[in-house]
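Visitor: Residues in the sequence shown are numbered consecutively from 0, following numbering that gives the first Met the number 0.
The beta carbon of each residue, even a glycine, is placed where N, CA and C say it ideally should be.
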Amino acid sequence: MKHRGRHRRRKRGRALRAALTGAGLALTAAATLISASQADTVADDPGALKPLAASAADELSLTEHRVPQRWLDRLASAMGGPVGVGAVLDTADHTLRDAADCSAGERETLPVAPAATRVYCWDDGDTRGWRPGAVTTSGDADDDGRWGGNRVIISAWSREDGTADGGLARISFVDADDPGHLEYASALLAVPVDGGRDYRGLSSPVSGMVWYRDKLLVTTGAGDRNALYVYDVDRIQRTTSDAGAVGRVPGGWAAHGHRYVLPAVASYGLPDTPGAARPGAISLDRGTAPDSLVAAERVPAGAGRPTRLWRYALGTDPARAGLPAADSAGQVTALEAYETQAAEVGGVLSHRPAGVPTTDWYLGRAAEGRGTLWRQSTEGARSTECGADRSHRCWSAPAGSLSYWAETGEVWSQAGRTLFALPLATVHDSLA
Numbered sequence: 000m001k002h003r004g005r006h007r008r009r010k011r012g013r014a015l016r017a018a019l020t021g022a023g024l025a026l027t028a029a030a031t032l033i034s035a036s037q038a039d040t041v042a043d044d045p046g047a048l049k050p051l052a053a054s055a056a057d058e059l060s061l062t063e064h065r066v067p068q069r070w071l072d073r074l075a076s077a078m079g080g081p082v083g084v085g086a087v088l089d090t091a092d093h094t095l096r097d098a099a100d101c102s103a104g105e106r107e108t109l110p111v112a113p114a115a116t117r118v119y120c121w122d123d124g125d126t127r128g129w130r131p132g133a134v135t136t137s138g139d140a141d142d143d144g145r146w147g148g149n150r151v152i153i154s155a156w157s158r159e160d161g162t163a164d165g166g167l168a169r170i171s172f173v174d175a176d177d178p179g180h181l182e183y184a185s186a187l188l189a190v191p192v193d194g195g196r197d198y199r200g201l202s203s204p205v206s207g208m209v210w211y212r213d214k215l216l217v218t219t220g221a222g223d224r225n226a227l228y229v230y231d232v233d234r235i236q237r238t239t240s241d242a243g244a245v246g247r248v249p250g251g252w253a254a255h256g257h258r259y260v261l262p263a264v265a266s267y268g269l270p271d272t273p274g275a276a277r278p279g280a281i282s283l284d285r286g287t288a289p290d291s292l293v294a295a296e297r298v299p300a301g302a303g304r305p306t307r308l309w310r311y312a313l314g315t316d317p318a319r320a321g322l323p324a325a326d327s328a329g330q331v332t333a334l335e336a337y338e339t340q341a342a343e344v345g346g347v348l349s350h351r352p353a354g355v356p357t358t359d360w361y362l363g364r365a366a367e368g369r370g371t372l373w374r375q376s377t378e379g380a381r382s383t384e385c386g387a388d389r390s391h392r393c394w395s396a397p398a399g400s401l402s403y404w405a406e407t408g409e410v411w412s413q414a415g416r417t418l419f420a421l422p423l424a425t426v427h428d429s430l431a
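Written out as structure tokens, the structure is:
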């Protein structure tokens, strides 16, 4: 059942705008001049996807570790009980700037082709010192595109905090009900410790994120044996102190100055094998039965090996709502997997158009300067082209995560401090 949190309903227009203002439409005009020298270093065609043998599944498996329910209940009770997404939206205290108010530097990170049709830029003061990461939406959370009646975007951020743990991660809940006025509030991501009597910050950057039902699944960087953490959006907790510490403090609870904290409810560990694949970019595919979690690892250019793409089934058991399907031993196994010659994959989508027998995989790839966008299948690969020299470097810089909002037909992504969207149909046509 969807959570029906409180929310400040606005009476400004609800219809999604079809295009940006005249100023916004000209965002990338200067960027269309791609130099010949840049074209000379365009990434090679990654070719067709190569299916992996079943024997490769062991390197793609994950082991589930649930946080004990008594830990979660103890923490929730000590902190005064959890709140939901609606409560966070009600206290949104920062505003994203519209396209016309983005700086020239922010506009330069946007795709050249296909062009974004909706563009927003983050509050400079609030995001200073934080590195932007993955994006997901209420279009992932529920097939009607809403959570409790609200359209919501979630954006992940990370920072080095100078401690031995190495960093912090937070998520920003964006109220997207009014496309002309987006506001947000943030919550620190945490992990319960000491039997639920305390919590620590998630000390790894978020490279991928999917909001599915009431769960938020996030992938983490190297150095953490847990490749995936899971959060329950109905377990957001209010803090009582604006101290810079994280966890229990004299007189209450703190989250590095944040008003809210979100404790993990589960994690998924990597297999203990030399070839274990760490999921980096992830996204949701509602075109499979059951719904599935799509993953891509991040392989550096020049590593001399292919990149693996794969998917996990998401569970259908109501008792495991929002979690990957696991066997009785807690093992999560890949349903299918492929190799691609594409390196530096920062975003992945899997989509099968109606009436088409093959599934398209969209890969956003980082490159020196502007990124590239490829559509791959077992039959071949195509990339966007732009400029007089037909360069492939037409995508955002850097290439970020991809999230498909089926209700609106849009793909959302984030390039630096710029949040943007464009129709998937436009992306598909640009790669035809």
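Do A112 and T383 come within 9 Å of each other at the CB atom, strictly closer than that value?
Guide: Within the sequence shown, the letter at position 384 stands for residue 383. Within the sequence shown, the letter at position 113 stands for residue 112. Yes. Within cutoff.
Visitor: Specify the secondary structure class of G83 as computed by DSSP and reduced to three states.
Guide: Here residue 83 refers to the residue found at position 84 when the sequence shown is read from its first residue. Of the three classes helix, strand and coil, the one that applies to G83 here is coil, per DSSP.
Visitor: Leaving out the 5 sequence neighbours to the left and right, which residues in its chain are closer than 8 Å to G256 when beta-carbon positions are compared?
Guide: As a position in the sequence shown, residue 256 is number 257, starting the count at 1. Closer than 8 Å at the Cβ level, and outside the excluded window around G256, lie D241, A242 and G243.
Visitor: Please state whether DSSP places S395 in a helix, a strand or coil.
Guide: Against the sequence shown, residue 395 aligns to sequence position 396. Coil, per DSSP.
Visitor: Give the straight-line distance between the Cα atoms of H391 and R307, rounded to the nearest whole angstrom.
Guide: By one-based count along the sequence shown, residue 391 stands at place 392. By one-based count along the sequence shown, residue 307 stands at place 308. Cα-Cα distance, rounded: 22 Å.
Visitor: Examine the ligand NAD and report whether any of its heavy atoms sits within less than 8 Å of the Cβ of R234.
Guide: Absence of the ligand NAD is noted for the structure shown, with no ligands found whatsoever.
Visitor: To the nearest angstrom, report how far apart T20 and A366 are at their CA atoms.
Guide: Position 21 of the sequence shown holds residue 20. Position 367 of the sequence shown holds residue 366. Here T20 scores only 36 on pLDDT, less than 50, and its place in the model is too uncertain to base an answer on.
Visitor: By the three-class DSSP mapping on this structure, what secondary structure does G124 have?
Guide: The count along the sequence shown starts at 1 and reaches residue 124 at position 125. G124 falls in the helix class under three-state DSSP.
Visitor: Do L227 and T135 have their C-beta atoms within less than 9 Å of each other?
Guide: Counting from 1 along the sequence shown, the entry for residue 227 is found at position 228. Counting from 1 along the sequence shown, the entry for residue 135 is found at position 136. For L227 and T135, no; Cβs fall outside 9 Å.
Visitor: Considering only residues of the same chain and omitting the five flanking positions on each side of L95, which have a CB-CB separation below 8 Å?
Guide: The residue given as residue 95 occupies position 96 in the sequence shown. Excluding sequence neighbours, L95 sits near Y119, C120, W121, D122, V173, L181, E182, Y183 and L418.
Visitor: Is DSSP giving L109 helix, strand or coil here?
Guide: To locate residue 109, count along the sequence shown from 1; it is residue 110. Coil.
Visitor: My assumption, with CB atoms under 8 Å, is that V264 sits in contact with D231. Please give the rounded CB distance.
Guide: By 1-based counting over the sequence shown, the position of residue 264 is 265. By 1-based counting over the sequence shown, the position of residue 231 is 232. Sure, about 5 Å apart at Cβ, within 8 Å.
Visitor: From V82, P299 and A320, pick the residue whose C-alpha is nearest to that of G345; which is it?
Guide: As a working mapping, residue 345 is identified with position 346 in the sequence shown. Ranking V82, P299 and A320 by Cα distance to G345 puts P299 first.
Visitor: How about V209 and S376: are their beta carbons less than 9 Å apart?
Guide: Counted from its first residue, the sequence shown places residue 209 at position 210. Counted from its first residue, the sequence shown places residue 376 at position 377. Their beta carbons are not under 9 Å apart, which means V209 does not touch S376 by this criterion.
Visitor: Within 8 Å, do at least three Cβ pairs link the stretch 55-75 to the stretch 270-290?
Guide: yes
Visitor: If I measure Cβ to Cβ from A320 and keep anything under 6 Å in the same chain, skipping five residues before and after, which residues do I get?
Guide: Mapped onto the sequence shown, residue 320 falls at position 321. Closer than 6 Å at the Cβ level, and outside the excluded window around A320, lie R212.
Visitor: Does Q340 come out as helix, strand or coil in the three-state DSSP assignment?
Guide: On the sequence shown, residue 340 is found 341 positions in, with the first residue counted as 1. The answer is coil: DSSP assigns Q340 none of H, G, I, E or B.
Visitor: Nearest to V229 by alpha carbon, out of G408, V190 and Y259?
Guide: Locating residue 229 in the sequence shown gives position 230, counting from the first residue. Minimum Cα distance to V229 is reached at V190.
Visitor: Below 8 Å on the Cβ atoms is my contact criterion, and I expect W156 with P131 to pass it. Report the Cβ-Cβ distance as a whole number of Å.
Guide: Your numbering for residue 156 matches position 157 in the sequence shown. Your numbering for residue 131 matches position 132 in the sequence shown. Sure, about 6 Å apart at Cβ, within 8 Å.
Visitor: Taking L74 as part of the alpha helix (DSSP H), name the residues at either end of that continuous run.
Guide: The residue given as residue 74 occupies position 75 in the sequence shown. Per DSSP, L74 belongs to the alpha helix (DSSP H) from Q68 to A77.
Visitor: In whole angstroms, what separates the C-alpha of L216 from that of P204?
Guide: As a working note, residue 216 is residue 217 in the sequence shown. As a working note, residue 204 is residue 205 in the sequence shown. Approximately 13 Å between the Cα atoms of the pair.
Visitor: Taking the beta strand (DSSP E) that S266 falls in, what are its first and last residues?
Guide: In the sequence shown, residue 266 corresponds to position 267, counting from 1. Residues Y259 to G268.
Visitor: Check whether the stretch 393-402 touches the stretch 357-372, counting contact only when three or more Cβ pairs, one atom from each stretch, lie closer than 8 Å.
Guide: yes
Visitor: Using DSSP bridges, identify the partner residues of R117.
Guide: Here the question's residue 117 lines up with position 118 in the sequence shown. DSSP, once it has assigned bridges, lists A420 as partnering R117.
Visitor: Is it buried or exposed for A328, if we count other Cβ within 10 angstroms and need 16 for buried?
Guide: In the sequence shown, counting from the first residue as 1, residue 328 sits at position 329. Exposed, by the Cβ-count rule.
Visitor: Can you say whether D428 is buried or exposed, counting buried as having 16 or more other CB atoms within 10 angstroms of its CB?
Guide: What you label residue 428 is simply residue 429 of the sequence shown in a count that begins at 1. With fewer than 16 other Cβ atoms within 10 Å, it is exposed.
Visitor: What is the rounded straight-line gap between the Cα of L430 and the Cα of T108?
Guide: Position 431 of the sequence shown, counted from the start, is the residue given in the question as residue 430. Position 109 of the sequence shown, counted from the start, is the residue given in the question as residue 108. Whole-angstrom Cα-Cα distance: 20 Å.
Visitor: In the structure shown, what three-state DSSP assignment does V355 receive?
Guide: Residue mapping note: residue 355 aligns to position 356 of the sequence shown, counting from 1. In this structure, V355 counts as coil in the three-state DSSP scheme.
Visitor: If you draw a straight line from the alpha carbon of D176 to that of V151, how long is it in whole angstroms?
Guide: In the sequence shown, the residue the question calls residue 176 occupies position 177. In the sequence shown, the residue the question calls residue 151 occupies position 152. C-alpha separation (whole angstroms): 7 Å.
Visitor: Would you list, in sequence order, the uninterrupted beta strand (DSSP E) runs of no fewer than 3 residues that lie entirely inside the stretch 159-247?
Guide: 167-174, 182-192, 197-200, 205-211, 214-219 and 225-231
Visitor: G321 by DSSP, collapsed to three states: which one?
Guide: Locating residue 321 in the sequence shown gives position 322, counting from the first residue. Of the three classes helix, strand and coil, the one that applies to G321 here is coil, per DSSP.
Visitor: On the DSSP letters alone, give me the boundaries of the beta strand (DSSP E) that G138 sits inside.
Guide: Here residue 138 refers to the residue found at position 139 of the sequence shown. Note, G138: premise wrong, no beta strand (DSSP E); alpha helix (DSSP H) at S137 to A140.
Visitor: Identify, in the order they occur along the chain, each residue of the same chain with its Cβ nearer than 8 Å to the Cβ of L421, setting aside the five sequence neighbours on each side.
Guide: Counted from its first residue, the sequence shown places residue 421 at position 422. Closer than 8 Å at the Cβ level, and outside the excluded window around L421, lie P110, P113, A114, A115, T116, R117, E409 and V410.
Visitor: May I have the straight-line CA-CA distance separating V293 from G250, to the nearest angstrom?
Guide: The count along the sequence shown starts at 1 and reaches residue 293 at position 294. The count along the sequence shown starts at 1 and reaches residue 250 at position 251. Between V293 and G250, the alpha-carbon positions lie close to 43 Å from each other.
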